[in-house]
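The structure appears below as structure tokens.
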Amino acid sequence: GAGDVHAEVVVLGSGPGGYTAAFRAADLGKKVVLIEKDSSLGGVCLNVGCIPSKALLHGAKVITEAEEMAHFGVKFDTPEVDLDALRGWKESVVNQLTGGLQGLAKARKVQVVNGYGTFTGPKMIEVDNDGAKSTVSFDQCIIAAGSEPVTLPFIPHDDERVIDSTGALELKDIPERLLVLGGGIIGLEMATVYDALGSQVTIVEFMDQIIPGADKDIVKPLHKRIEGRYEAILTKTKVTAVEATKKGMKVTMEGPDGETVDTFDKVLVSVGRRPNGAKINAAAAGVAVDERGFIAVDKQQRTGQPHIFAIGDVVGQPMLAHKAVHEGKVAAEVAAGHKRFFDARVIPSVAYTDPEVAWVGMTETQAKAEGVKIGKGVFPWAASGRSLSLGRSEGITKLIFDEHERVIGAGIVGPNAGDLIAEVALAIEMGSDAVDLGHTIHPHPTLSETVNFAAEMFEGTITDLM
Ligand code: FAD
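Oh and the sequence shown: position 267 is 371 in full-length UniProt numbering, straight run, nothing missing.
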């Protein structure tokens, strides 16, 4: 057809993995085509993920801080929330970033092809743009097709009172009673937003704690705080049925105390994300996709086909933007003939809740399960001048050390924990030990000092399996 093009490197999907790979490959001299089904670039992260959620979380933070200032002698009126304006502001943040990507693509002569891409052969992708079909032939390909929210068979997802994270970010209204199904990062962030905006929130989590990937002691301060604000946090509980009724969504749950039935105005389903690998006809290119939709890759991000790479959510956990970006750079550099490997030691995780929960590297739970000897340094923020100045004292900074006193992990909970965890990620990559962290002069008074203090708290705490 008329629109048929050839690319030295074609990138399928324009999320953080895809646009990073496309730009890097172009910078290294490749003729790049970027295929994207949505009208705006940036993928889940920019359009319906990381960025809009953080914009709304900022609004939530201002609201709750204003509320809490009453304890410190400053009283504000109850905030008046103009949902249209708040939504508009969130959209303006998103548009600024996605528009910026268009400009960056143009500047690098990356050709953006709109439409849904599927493989038709080992070096060919067909793009369907609302029925108009074209082809992109390629020498090398980087698959960055991302993921989508998991749906559950017993939930009427077509009822508008059942929403996923995308629906939650649309901010259509503020439900009086909101059930958040799944106590992971995404569900809890959305809960933080809706709680601040006035919803009564109930969280249901199947595991015995919210944010199951993080250590219990690090999650506890968050649990304690939201327990006081939310209607209920139900752990070890599973939803077994959701029925649409006139009065609301009737939800049946099975918990430690047996079966309960309750009715909510809205149900947010946030039980995980599923990779898009099964929807791109990868078999036509000889690329294997497992039964869950993931594409296996080697340390250079290559699939079983040496000229086809895969990156980001579609290759596996953790499904995080910074992992996708890092993998995108590796794939593009390898495609351009550079010797590069994915050899990051650690990938930090952050829940941007209030307080934030962040962890990196080895957790205590993992050390126990794997029989790894560790020591730890724990600093409670109740002794941090800066934390107390924020009117908050619940934070904890915990560092985990190996037998050689090298830092191998950390868990931090408290305001801005997500920013603080980066220092520990660097320390782990650098092979730093407790003395390095303890002797580095940190600015006072900052929350960053808590990393310094936690290292100082560690002293001969290596034990057999603590
Ligand atoms: P995606 O961002 O999923 O992008 C894939 C792109 O490919 C999409 O644009 C899609 O339209 C396109 N595509 C797919 N198939 C095709 C096809 N066949 N043809 C054409 N185009 C196609 N991560 C963080 O690190 N920090 C956060 O704070 C954070 N917050 C989040 C909040 C929410 C509510 C959600 C849902 C996710 C959040 N994430 C966060 C996760 C993050 O969004 C993902 O890890 C990240 O977007 C993955 O990037 P990716 O490049 O692999 O794919």
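Glycine included, every Cβ here is placed at the ideal spot set by N, Cα and C.
Excluding its 5 nearest sequence neighbours in each direction, Q313 has C-beta neighbours in its own chain below 7 Å: K320, V323 and T339, listed in chain order. By the beta-carbon neighbour count (other beta carbons within 10 angstroms, threshold 16), K213 is exposed. One thing to note: P226 has its Cβ no nearer than 8 Å to the Cβ of A126.
For L372, no alpha helix (DSSP H) run applies; the uninterrupted beta strand (DSSP E) run containing it begins and ends at K370 to V373, by DSSP. The three-state secondary structure of I247, taken from DSSP, is strand. The C-beta distance from A471 to I504 rounds to 7 Å, short enough to fall under 8 Å. Relative to the non-hydrogen atoms of ligand 1, the Cβ of D417 comes within a distance shorter than 7 Å of at least one. In this chain, the beta strand (DSSP E) harbouring T222 covers Y220 to G225.
Bounds of the beta strand (DSSP E) holding D232 are M228 to N233. Nearest in C-alpha terms to E195, of all of T469, S144 and A428, is S144.
Cβ neighbours of A486 within its own chain (closer than 7 Å, five residues either side excluded): S497. Taking 8 Å as the cut-off, the Cβ atoms of I307 and V343 do not count as close. Closest in C-alpha terms to A236, from the list V461, R329, I229 and G107, comes G107.
When DSSP assignments are scanned along the segment 451 to 514, the uninterrupted stretches of alpha helix (DSSP H) that are 4 or more residues long and fall wholly within it turn out to be 468 to 474 and 489 to 493.
Between G465 and I512, the gap from beta carbon to beta carbon is short of 8 Å.
In this structure, D234 has its beta carbon at no less than 7 Å from each heavy atom of ligand 1. Between the alpha carbons of F258 and A348 lies a gap of roughly 11 Å. One Cα belongs to M228, the other to P410, and the distance between them is close to 15 Å. Within the model, the alpha-carbon separation for T367 versus Y334 is close to 16 Å. The closest heavy atom of ligand 1 lies 7 Å or more from the beta carbon of N556. Annotation for V198: the continuous alpha helix (DSSP H) segment containing it runs L187 to A211. Judged by the Cβ position, D142 qualifies as a neighbour of ligand 1 at the 7 Å threshold, a heavy atom of the ligand being closer than this.
The criterion of a C-beta distance shorter than 8 Å is not satisfied by D417 and S303. In this structure, the CA atom of I337 is about 7 Å from the CA atom of E331. Note that the C-beta distance between T407 and V429 is not below 8 Å. When the beta-carbon positions are compared, K370 and L282 come within less than 8 Å of each other. Along the length of the segment 399 to 446, whole alpha helix (DSSP H) runs at least 4 residues long occupy 425 to 439, reported in chain order. For P156, the enclosing alpha helix (DSSP H) stretches over residues C154 to E172. Under the three-state reduction of DSSP output, I384 falls in the coil class, being neither helix nor strand.
For K210, the closest alpha carbon among the candidates F176, V178, L138 and L150 is that of L138.
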